[in-house]
Amino acid sequence: MKPRYSLLSLAMMSALYSQYAQADLREQCLLGVPQFHGEAVDGNMNDQPIYIDADKAVINQPTDATYTGDVNIKQGNRTLIADEVRVEQNGDQARKAFLKGQYQYQDELVQAKGNDAAIDLTSKTAELSNTEYQLVGRQGRGTAESGEFNEETRVLKNATFTACLPNDKSWSIEANEMIQHVKEEYAEMWHARFKVMGVPVFYSPYLQFPIGDRRRSGLLAPSFSRSSKNGYTYSQPIYWNIAPNMDATITPTYYSRRGWQISPEFRYLTTLGEGLVASEYMAKDRLDEYTPSDNDRKRYLLHWRHYMSFLSDWRLSVDYTKVSDRRYFSDFDSDYGSSTDGYATQQFKLGYYQPNYNLSISGKKFQTFDDLDIGPYRVLPQIDFNYYKNDLFKGADFSFFAQAARFENNSKLMPKAWRFHAEPTLNLPLANRYGSLNFETKLYATHYIQQKGEHQNAEEMKKNVTRVIPQIKLDFKTVLEADKQFFTGFNQTFEPRVQYIYRPYKNQADIGSKRHQSVGLGYDSALLQNDYFSLFSDRRYSGLDRISSANLITAGGTTRFFNEKTGTEVFNFSAGQTYYLTPSKIDDNSLNSTAKRSSSWALESNWKFHRKWNLHGSYQYDTRLNETSLANISVQYKPSQNKVIQLNYRYASEDYINQNLSTNRYNQDIKQVGAVLGWELTDNVAVMASHYQDVALKKPVESQLSMNYNTCCWSANVYVARRLTATPTNASDTINDFYYDNKFGVNFELRFGTNYSSGVPKMLKKGLIPYSEPYGIN
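In structure tokens form, the structure reads like this:
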């Protein structure tokens, strides 16, 4: 790994010394591109008057006129400059112009120059010879032995096209015949030869390519890479512009060690809604380490994302992802999931929405990638009802939530259940210029109908369980402004908050399986993270199965500093504590109790100590575990959108990681230090480098180095990476075994004058731990 450290250091040093950049790449590329000046004339150009200036004119009324010496003809948006022009006339109306010698022609779309031409001034057609043309306002130029221009098309014989600037021969396309469709913004070519630095590298009897921003069917930029796991990889996306409201991309990918994969993606926007359908399929994975069995080596992914709004008040959403096996996202890079997610979600929701109430039916299932004996429950159906009524009486706000849900598990050891829940809430807000005090009372009423698992060893269950728990909450908040400035030039505010919650204890040991109760889980419950904002949450657990007793006071606050001149927030610090007047518990299991009446607390801060620098940190203490659960700190330097350096440290305790899992997967704390660099060195060169090291294991997690070279008409990306990967199935799975995937890739992209991106944002998204910017201060 030593050479990788030197690469990272070199990239960071180069970035720090590249403070003085040239003009923006887009501005440079458009410097030599002609622009249309003046106000564009609308309407039919043929109806516009013709103005002719010349040093000399010989007019033969009413048939023709010959103009010589700096001839300038203007009609609407088009201008013609030539040495000699002969104009045929029909009375006072000019019909056709014949140009002898050199000429220059320009309208709002194209500029051309050459020798000899004929232009019909009534139909806006032109016949040009030995011409050089350049698109107006965008990159795109070429030559033609002869050409016929009109408002719809440009037909060129023995023509060339390139998006590169003059004197740049990086790439070009030559053809016996080229038809440029002006309004549709694409070109057709027959007997096309693609050249790189003047050398032919590709031939096609027919070819299409875009000359504008509109979508066109055809080949997209391919990608090539090599991986120690997958071998050589080549991907060739094929784009199909089906209709204005739908398109598809089909990507065949060849892995030298695995085989062929096909990946179609279909996007649509119809009266039935908008969405995306995608899949990835490999008929047979040839990789030896994939599975010890040859019975089934099919690898696939299915993804459907859909949203629909209909009949003005109805909404439908679908988010479905399914993969063939739990190692899929570890083996394949996919846009529809990540190995760090740990699961794939399959859910839908159909809802009816009104100003005071809404009703929905939904279902949810998780496909987990962890090696768990018992996975999470699926819920189908789940029916939710919400009702809201403000000012029910004397300023009191009323809300009512009800739910009916069915839970099932793939394991026959686990019980099935119906859950019926009702939750009325009455809130009385009191506010004045000093602050606000909310008095809230709530009732949790839940009934379960449970059925034991079908396995012979399934535990006995209490069939009917009813739980009714009332709650009272007082929440006081205020905002105070400091009379004096503690720091010159900055105004300070204090935002103290105090909250009291009381809920009586109700033993919930009869709800769900005892296998889940040992870690505080129910059918859909999990312990919430203990950050500053969750301190003021009503409950310690998500879901409705675990509602712990509460007799607690939470006190906290935030102080903020604002720039006196701009009003921009530059610093905040939040701290909070929860003091349990009596232990909080859900059953008689001591593991699910706060045990001591100690305080749980959290700290969080963000400091933008310079417009380019930001410091962010948070600390969380878990009283249930009686230890620090989470902590992180990061420093970021970001002088511009495409220049960023971030250093960070992350910590998560072993007990905190395992507390929501039915099986222990981790055997140590996570302590990671990391550095991320994304930097536009010049307008042509951009780099990205990142490295994450697990301090506890003394092992690297991931290292990456990527470089983009950008020009006006092409770009190239080269990257190397070494990242932690899944343990092979034929290897011993111990904490001391680590397996890495070494990757190398090269991507080329032709640019047709529509993309000037440095590539930094795209490069930062790569990797197991992509760059994130979780800051609230801009």
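In mature numbering (1 follows the signal peptide of the UniProt record, and there is no 0), the protein residues as written are -23 to -1, 1 to 755. The beta carbon of each residue, even a glycine, is placed where N, CA and C say it ideally should be. All of these numbers come straight from a predicted model, not from anything done at the bench.
Query                                                                                                                                                      : Result
Can you give me the Cβ contacts of K429 inside the same chain, cut-off strictly under 8 Å, excluding the 5 residues immediately before and after it?       : P392, A435, E436, E437, M438
Count the CB pairs spanning the region 222 to 240 and the region 255 to 262 that are closer than 8 Å, and state whether there are at least three.          : yes
When burial is assigned at 16 or more other CB atoms within 10 Å of the CB, is V176 buried or exposed?                                                     : exposed
In angstroms with no decimal places, state the Cα-to-Cα distance between T470 and K483.                                                                    : 41 Å
Under three-state DSSP, which class holds K160?                                                                                                            : coil
Would you kindly work out how many angstroms separate the C-alpha atoms of L407 and F375, rounded to a whole number?                                       : 15 Å
The beta strand (DSSP E) with E679 in it runs from where to where?                                                                                         : 676 to 687
K454 to L624, Cα distance in whole Å?                                                                                                                      : 35 Å
What is the rounded straight-line gap between the Cα of T230 and the Cα of E242?                                                                           : 14 Å
Tell me which residues share the same chain as A693 and place their Cβ nearer than 6 Å to its Cβ, disregarding the 5 neighbours each side in the sequence. : Y686, F725
Name the two residues that bound the continuous alpha helix (DSSP H) containing P738.                                                                      : 737 to 741
Can you tell me whether K440 is helix, strand or coil according to DSSP?                                                                                   : coil
Using only the alpha-carbon positions, how far apart do A394 and F325 sit?                                                                                 : 20 Å
Grouping DSSP H, G and I as helix and E and B as strand, with all else coil, what is Q649?                                                                 : strand
Alpha carbons only, please: which of F397, K299, M285 is nearest the one belonging to R276?                                                                : K299
Nearest to F126 by alpha carbon, out of G533, I478, I96, N644?                                                                                             : I96
On a Cα-Cα basis, can you pick out the residue from Q681, A666, E679, N644 that is closest to A673?                                                        : N644
Is it true that the region 349 to 363 meets the region 306 to 319, where meeting means three or more beta-carbon pairs spaced less than 8 Å apart?         : no
Taking C-alpha atoms, which residue in D273, L278, H398, L682 lies nearest to G520?                                                                        : H398
Quick check: what's the CA-CA separation for A(-3) versus L658?                                                                                            : Below a pLDDT of 50, predicted positions are generally treated as unreliable, and A(-3), at 36, falls in that range; no measurement from the model is reported.
Buried or exposed for W578, please, with buried defined as at least 16 other CB atoms from any protein chain shown within 10 angstroms of its CB.          : buried
Helix, strand or coil: how does DSSP classify E458 here?                                                                                                   : strand
What do you get for T559, buried or exposed, if any count of 16 or more other CB atoms within 10 angstroms of its CB means buried?                         : exposed
If you draw a straight line from the alpha carbon of Q476 to that of Y425, how long is it in whole angstroms?                                              : 31 Å
In angstroms with no decimal places, state the Cα-to-Cα distance between residue 760 and L142.                                                             : Any question about residue 760 goes unanswered here, given that the chain covers just -23 to 755.
DSSP three-state call for S525: helix, strand or coil?                                                                                                     : coil
Taking just the CA atoms, how far does K146 sit from L86?                                                                                                  : 23 Å
Under 8 Å Cβ to Cβ from K491, same chain only, skipping five residues before and after it: list those, please.                                             : E436
Excluding sequence positions up to five away, which residues of its chain have a Cβ less than 7 Å from the Cβ of N387?                                     : G352
Specify, as a first and last residue, the run of the alpha helix (DSSP H) that D361 falls within.                                                          : That residue, D361, is in no alpha helix (DSSP H); its beta strand (DSSP E) goes 355 to 370.
How many angstroms separate the CA atom of K419 from the CA atom of P199?                                                                                  : 59 Å
Could you check what DSSP says for E657 in three-state terms: helix, strand or coil?                                                                       : strand
Spell out the partners DSSP gives E104 in its beta bridges.                                                                                                : A95, E125
Tell me, which residues are paired with T43 by DSSP?                                                                                                       : V35, R63
Beta carbon of V697, beta carbon of K676: below 8 Å?                                                                                                       : no
Assuming A89 and E109 are in contact, meaning their beta carbons sit under 8 Å apart, how far apart are those beta carbons, in whole angstroms?            : 7 Å
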